[in-house]
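All remarks here apply to the structure that follows.
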Amino acid sequence: MKVLVATQKPFAAAAVAGIKKIVEEAGHELALLEKYADQSELEAAVSDADALIVRSDKVTAQVVEAAANLKIVVRAGAGYDNLDLEACTKKSVVAMNTPGQNANAVAELAIAMMIYMSRNQFTPGTGSEIQGKKVGIQAYGNVGRLVAAKAKALGMEVMAFDPFVSAEAMLAEGVTPAASLEEMYSACNFISLHIPAIPATIGSIGYDLMKLMPKGGCVVNTARKEVMNEPELVKILSEREDLKYVTDVAACNQDELNEKFGKRVFATPKKMGAETAEANINAGLAAANQICAYFADGCTRFQLNK
Ligand code: 3PG
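Heads up: the sequence shown begins at 131 in our numbering, then just goes up one per residue.
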């Protein structure tokens, strides 16, 4: 079988070497397409592939259509808003992700962003400490739980809101469950977003929630830019000159945000939450193992389009 790794944002070399080893030891062949500039290159490369490993690369209906032999696609990472699941299902292509594998890297970035914003983006001036502050975790999944644990270790108080996780489970980990988003935003100096970009969450964070935050509050977005209501973000940052917003990756209106709000906003130029060798190795190797297991015995653990 031919396994194509297609990454506009390449994996670390050690991850590629590890994927190659797993794939070849299982008797398959590895092909690599990195830093491609256009979807047409992905469509050409995937045309004879039996399996596909991607990161945030867009696996559109057109890509699936171009891949006549494709049996499985694995998103080496958590968020799968880049996969057209309907198109995969239509062509009987199994789609998977690798939940949790890059979570620590993203959690470390969220903590780093809190400190960066508390210290005036490392420019002169009196900043503040995160110890003793309260952080609200919006979605207590793989990343959210790791942010909570690290925040507690740094002396922060942690609250979380997640309708899919019981209050008991949060309390057992020393996290205060919030009954509503409003309660959490009202109480927390930082809000760390870990929600997926789905119809229910897209554009859901904006004026009404941010206006509840205490003085100096900061929203930390290592989830997806799409969850923010960008015009409302401009409105609340204009009205409340104390609030801050830090994001991985830039908002569509980032130029406007930078111009109007200066050091109160910061965006990474390229999504870098999972940009560590460790995360690349964990997620890349997991993807390769999942593909080999599927070909070996039909294992569909982590299938998204069941
Ligand atoms: C994810 O959903 O796993 C993260 O956003 C990482 O995305 P990336 O693989 O494109 O860096």
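Beta carbons are placed, not taken as given, at the ideal position from N, Cα and C, and that holds for glycine.
Cutoff 6 Å; reference residue i; Cβ partners in own chain excluding five residues on either side
| i | result |
| --- | --- |
| Asn212 | Ser186 and Lys188 |
| Val376 | Met243, Met247, Val350 and Phe396 |
| Met358 | Ile335 |
| Ala413 | Ala206, Gly207, Thr228, Gln231 and Asn232 |
| Ala145 | Asn410, Ile411 and Gly414 |
| Thr398 | Asp378 and Val379 |
| His158 | Met131 and Val133 |
Own chain residues within Cβ distance below 7 Å of residue i, not counting five before or after
| i | result |
| --- | --- |
| Thr406 | Ala235 |
| Gly148 | Ile411, Gly414 and Leu415 |
| Glu287 | Lys264 |
| Ala423 | Cys429 |
Cβ shell of residue i (< 8 Å), same chain only, five flanking positions each side left out
| i | result |
| --- | --- |
| Tyr166 | Ala136, Gln138, Leu172 and Ala175 |
| Glu312 | Leu339 and Leu342 |
| Lys280 | Ala237, Glu238 and Ile241 |
| Glu195 | Ala217 and Lys221 |
| Thr253 | Lys393 |
Supposed close pair residue i, residue j - CB separation, criterion 8 Å
| i | j | result |
| --- | --- | --- |
| Leu200 | Ala179 | 6 Å |
| Ala233 | Ala208 | 7 Å |
| Tyr337 | Gly266 | Not really, about 17 Å apart at Cβ, beyond 8 Å. |
| Pro344 | Asn319 | 6 Å |
| Ile202 | Val224 | 5 Å |
| Gln268 | Ser322 | 7 Å |
| Met226 | Leu434 | 6 Å |
| Ala418 | Ile183 | 7 Å |
| Leu163 | Val153 | Not a contact, Cβ separation roughly 15 Å. |
| Val305 | Met289 | 7 Å |
| Gly347 | Leu373 | 5 Å |
| Ala426 | Ala156 | 7 Å |
8 Å Cβ cutoff met for residue i and residue j
| i | j | result |
| --- | --- | --- |
| Val133 | Ile421 | yes |
| Ala242 | Asp214 | no |
| Gln251 | Lys393 | yes |
| Glu356 | Ala327 | yes |
| Gly403 | His324 | no |
| Glu303 | Ala278 | yes |
| Gly262 | Arg249 | no |
| Leu276 | Ala237 | yes |
Would the region 217 to 228 and the region 354 to 368 be scored as touching if the rule is three or more Cβ pairs under 8 Å?
no
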